[in-house]
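See structure below.
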Amino acid sequence: MVSCSISPISALTAVASVLVMATTTSEAFSSQKLTTVPRTVPRFMSTTEEGKTQITAESSSQPNFDATNDLPSIPFLTKSIESDWKSNPNSGDVAILGEDAGVFDIQKEEWGELGERGWFTFSAAVATIMTAVVVLWVYPATGYSDDFLHWIEGFTGGNPHLVTLFFGILFPIVHSGLASARPYGEQIVGARTWRVIFAFPSLCLAYSWITYFISHAHDGLQFYDLSHNPTAHTVAWTVNFLSFFFLYPSVFNLKEVAAVEPPTLHLWETGIIRITRHPQFIGQSMWSAAHLAMVGTSFTALTMALLVGHHAFACWNGDRRYRDKFGDELWTTVVKERTSIVPFQAVLEGRQVLPKDFYKELLRGPYFVIAVGTLGAYLAHPYMQGGAALAKNTGWVPGGIIG
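With mature numbering (1 follows the signal peptide of the UniProt record, and there is no 0) applied, the sequence shown covers -28 to -1, 1 to 375.
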């Protein structure tokens, strides 16, 4: 989102989208145009002896779970409405092989006890890791974010362009590197532990880059400044709002993101995923273009280029990881030939068929949460500005809780 004064402050939310779920988003692919398959023959993925994943037909239908609570069931908002292709086997719509994204039914959710796979454990897990980030990294007296930035400014001579360039190189190496090492790391420490190992350094580095970006958004050469232009602000606000529906398409299994449930490599095929198989790249490009249109400085331009470049690399890396997971044949016939990175390209070329009631795949609770969260982030801009200013004015406090 864009503020009237320092619009790039919404980097807090956009870069945060790179943090916890870049793996899930880069693992999401759009639906494929397939020969019509009766919905009475559901599909599931299994692993062969060679370690490749194959998609086969299952003889029984997928399980249905009864409600576990008495919370109100509100169509679209708290309970997803199934599309015709799913609820009506004879609808004639093209079947999918992967998973239906954003399906949610509040009556099937449980709060649970601590240690169980419920929302209580999820809340405790998120609170724990965020507390660790604050104590070990954010708070100057106990954390090391200020020490890290002081070290970077030391060998860059305090040049903001070199500092953000260093962040723009280091963050993808750490973030994408740990994501790529996931198959090996999970074999050693397990899926849940590896998710924590992946998330913690990503969160720490992102915090440092975000606060530095907010504080230096107007540094460097000033080509133009439209942050106070109402028309430019409205256009940028609209583009930014829409970009978040691309940035957050795959973070629907929040319990997996927090490692409450074992993280799984998902093959999403519905919702925004039908439009592009790498929606985070598209969303980040939209977000960056809108912010650069507002604040035209050389520092902002470099930072936006680094963000988009990282996501462009994630497109290649995500495709590579899926090819390694599923094998060349399945990757070529089911994914590459029937999807597109460019939005709507596969649809226009006839390789992707949108259901007649496609809107049902978008009018779902998770997308509503995205809309509310995006508006909340916009309203929180003054607090983001204040937090970044506090971090900058506090300066370097040597050492931390460890010593």
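The beta-carbon is built from N, C-alpha and C at its ideal position, and this holds for glycine as well.
query	result
Ala286 versus Leu134, Ile145, Thr311, residue with shortest Cα-Cα distance	Ile145
Test item: CB-CB of Arg246 and Ser312 under 8 Å	no
DSSP three-state assignment for Asp77, whether helix, strand or coil	strand
Among Leu175, Ser180, Glu241, Trp166, the one whose alpha carbon lies nearest that of Trp123	Ser180
Extent of the continuous beta strand (DSSP E) run through Val307	Val307 -> no beta strand (DSSP E), and no H or E assigned at all.
Through-space distance from Val110 to Ala99, alpha-carbon basis	15 Å
One or two residues paired with Val267 in a DSSP bridge	Asp197
Short Cβ contact (8 Å threshold) for Gln252 with His283	yes
Same chain, Cβ closer than 8 Å to Val161, neighbours up to 5 away in sequence not counted	Ile169
Element boundaries [alpha helix (DSSP H), containing Asn212]	202 to 219
Run of the alpha helix (DSSP H) containing Pro234, from where it starts to where it stops	No alpha helix (DSSP H) contains Pro234, which DSSP labels as neither H nor E.
One or two residues paired with Pro47 in a DSSP bridge	Lys51
Rounded C-alpha distance that separates Ile254 from Phe92	34 Å
Phe127 versus Gly348: straight-line alpha-carbon distance, rounded	38 Å
Of the listed residues Ala73, His263, Glu54, nearest to Trp240 (C-alpha basis)	Ala73
Identity of the residue in Ser148, Phe271, Gly243 nearest residue 381 by Cα	Residue 381 lies beyond the residue range present for the chain, which begins at -28 and ends at 375; the question has no answer from this structure.
Host alpha helix (DSSP H) of Ile169 (start-end)	163 to 188
Own chain, CB closer than 6 Å to Phe139, minus 5 neighbours either side, in chain order	Trp181
Beta-ladder partner(s) of Trp240, from DSSP	Glu71
The segment 181 to 195 in contact with the segment 262 to 279 per 3-pair CB rule at 8 Å	yes
Straight-line gap, Pro202 to Ala261 (C-alpha atoms, nearest Å)	17 Å
Through-space distance from Met276 to residue 377, alpha-carbon basis	Summary: the structure shown does not reach residue 377, with the chain confined to residues -28 through 375, and so no result is reported for it.
6 Å CB neighbourhood of Ser187 in its chain, flanking five on each side removed	Ala360, Lys364
Buried or exposed (CB count within 10 angstroms, at least 16 for buried), Met356	buried
Unbroken alpha helix (DSSP H) run spanning Thr114, endpoints	Taken as a continuous stretch (DSSP letters only), Thr114 belongs to no alpha helix (DSSP H), as it is neither H nor E.
C-beta atoms of Met95 and Cys176 nearer than 8 Å	First, the amino acid is wrong: residue 95 is Ser here, not Met. Taking 8 Å as the Cβ cut-off, Ser95 and Cys176 do not qualify as a contacting pair.
Burial state of Pro370 (16 or more Cβ within 10 Å)	exposed
Own chain partners of Ser215 with C-beta closer than 6 Å, once the 5 adjacent residues on each side are dropped	Gly255, Met258, Trp259
Alpha-carbon spacing of residue 400 relative to Ala265, whole angstroms	This structure cannot settle anything about residue 400, because the visible part of the chain is limited to -28 through 375.
Cβ distance (whole Å) where Ser152 is taken to contact Arg293 below 8 Å	7 Å
Beta-carbon proximity list for Pro132, same chain, < 6 Å, skipping 5 on both sides	His188, Asp191, Phe271
Cut-off 6 Å between Cβ atoms - residues of its own chain near Ala163, not counting five sequence neighbours on either side	Pro234, Pro235
Check whether Pro112 and Thr366 have beta carbons under 8 Å apart	yes
Helix, strand or coil at His282 according to DSSP, with G and I counted as helix	helix
is_contact[Tyr355, chain B] using C-beta, thresh 8 Å	Looking at the structure shown, chain B is missing, and only one protein chain is on hand.
Spatial distance of Ala343 from Tyr350 (CA atoms)	11 Å
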